[in-house]
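Undergrad: Here's a structure for you.
2 protein chains.
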Amino acid sequence: MRTFDLITAESLFVKDLRVVRWEQYGLDRDMPFQAMWYSVPPGSESPVDQHPELELSIVVAGTAHVLVGGVVHEVTTGDAFLLGSTEAHVVQNRSADELLTVFSAYWMPLEAEGSEPAPSEEADRPVEATAAVQ
Amino acid sequence: MRTFDLITAESLFVKDLRVVRWEQYGLDRDMPFQAMWYSVPPGSESPVDQHPELELSIVVAGTAHVLVGGVVHEVTTGDAFLLGSTEAHVVQNRSADELLTVFSAYWMPLEAEGSEPAPSEEADRPVEATAAVQ
């Protein structure tokens, strides 16, 4: 078993967000996704982010306000949110004094595999025209 | 974007642990792993668990004491632990009053794919003879 400590991990800063990328752990051959933690200071927010990878996020401290397509979703500690491929998103920490920390796993859209010759509709599920978002 | 609320999710009980399996969200074609939350009441522990899937866990509330191979690993809120394939493990909540909640992603060992004809050593990394553990 391996343990991963957020506080002592190598990190970089994107604006005022502390970002801990899991590449440092050398798990590429073991995990079917990439991962990171990031922390948003009180009153701050992430830059707009948009990428082909789907992204599953777990809020491990604080409360996230996630802006997607002009809608704000509040996600509290312990809860999760899943961003579709290419969904533009901003993650805000509206607290005055509490750090927001999120663990995210992200991966490229899956091929429709394992099943029948696979219709492309579901695997390539269009993501609600989010390209125009933000 | 979709959000996932731990409190209102469908759950089942394994002993006194509340388990929320993500199968209920129908994301099999979108995520390259299975997932669950589980909550361990104060003073309780999980049954011994052992399975072929690797398991990455994020502690979202409380502190976990994870027993693997006769060693206890303390993992605090926000931190993570990765169990190898077939590693027998028990997760304890030693707190007197705080719930322990963990988010876990799990998946079958990856084939050595994408790279060269792939030596099997790394993909099939033996898991420190943990079969004899516990």
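Those protein sequence lines, which keep their order, are chains A and B. In case it helps, this note's numbering puts the first sequence at residues 1 to 134. In case it helps, this note's numbering puts the second sequence at residues 1001 to 1134. For glycine and all other residues, C-beta sits at the position ideal for the given N, C-alpha and C.
Smallest Cα separation from A1096/B: which of E1045/B, L1012/B, D1005/B?
TA: Looking at the Cα atoms, E1045/B is the closest of the given residues.
Undergrad: Compare the C-alpha of T86/A against each of G62/A, H65/A, E53/A, G69/A and name the closest.
TA: If we check each option's Cα against that of T86/A, E53/A comes out closest.
Undergrad: Listed in chain order, which residues of the stretch 1068-1082 of chain B have Cβ atoms closer than 7 Å to some Cβ of chain A?
TA: Within the stretch 1068-1082 of chain B, the residues whose Cβ lies closer than 7 Å to some Cβ of chain A are V1068, H1073, V1075, T1077, G1078, D1079, A1080, F1081, L1082, listed in chain order.
Undergrad: What number of angstroms, rounded off, separates the C-alpha of V127/A from the C-alpha of L110/A?
TA: The predicted position of V127/A is uncertain, since its pLDDT is 33 and thus under 50; a value taken from the coordinates is nonetheless stated next. One C-alpha to the other measures close to 14 Å.
Undergrad: Could you say which of T1008/B, S1039/B, V1014/B, D1016/B lies nearest to Q1024/B if we only look at CA atoms?
TA: Ranking T1008/B, S1039/B, V1014/B, D1016/B by Cα distance to Q1024/B puts T1008/B first.
Undergrad: Under the assumption that R1021/B contacts M1031/B (Cβ atoms under 8 Å), give the Cβ distance between them as a whole number of angstroms.
TA: 13 Å between Cβ atoms; not a contact.
Undergrad: Which of helix, strand or coil does DSSP assign to Q24/A?
TA: Three-state result, Q24/A: helix.
Undergrad: At a CB-CB cut-off below 9 Å, which residues of chain A make contact with P1041/B?
TA: By Cβ distance, chain A contributes nothing, its closest Cβ being about 15 Å from P1041/B, past 9 Å.
Undergrad: What in chain B is Cβ-close to V66/A, meaning under 7 Å?
TA: Within chain B, the residues near V66/A are M1001.
Undergrad: Tell me which same chain residues have a C-beta within less than 6 Å of the C-beta of L149/A, skipping the five on either side of it?
TA: Chain A is shown from 1 up to 134; residue 149/A falls before or after that span and cannot be answered.
Undergrad: DSSP three-state call for H1051/B: helix, strand or coil?
TA: Correct three-state label for H1051/B: coil.
Undergrad: Note down, one range per segment and in chain order, each beta strand (DSSP E) of at least 3 residues found wholly within the stretch 40-84 of chain A.
TA: Entirely contained in the stretch 40-84 of chain A, the beta strand (DSSP E) runs reaching 3 residues are, in chain order, 54-61, 64-68, 71-75, 80-83.
Undergrad: Does any residue of chain A have a CB that is nearer than 8 Å to the CB of L1054/B?
TA: Taking Cβ atoms only, chain A reaches closer than 8 Å to L1054/B, which makes this a yes.
Undergrad: Is there a Cβ from chain B that is less than 8 Å from the Cβ of L6/A?
TA: Yes, because at least one Cβ of chain B sits closer than 8 Å to the Cβ of L6/A.
Undergrad: Scan the stretch 80-107 of chain A for residues whose Cβ lies nearer than 9 Å to a Cβ of chain B and list them as they occur along the chain.
TA: Answer in chain order: A80, F81, L82, L83, G84, E87, H89, T101, F103, A105, W107.
Undergrad: The beta strand (DSSP E) spanning F1013/B covers which residue range?
TA: Its beta strand (DSSP E) spans residues 1012-1014.
Undergrad: Is the shortest distance between the beta-carbon of V60/A and the beta-carbons of chain B less than 8 Å?
TA: At least one chain B Cβ lies under 8 Å of V60/A.
Undergrad: Give the residues of chain A in contact with P1032/B, contact being defined as C-beta atoms less than 7 Å apart.
TA: Those are P32, F33, W107, L110, listed as they occur along chain A.
Undergrad: Measure the CB-CB distance between I1058/B and A1088/B and report whether it falls below 8 Å.
TA: The answer is no: Cβ separation not under 8 Å.
Undergrad: Over the uninterrupted beta strand (DSSP E) stretch that includes A1105/B, give me the two end residues.
TA: Note, A1105/B: beta strand (DSSP E), 1100-1107.
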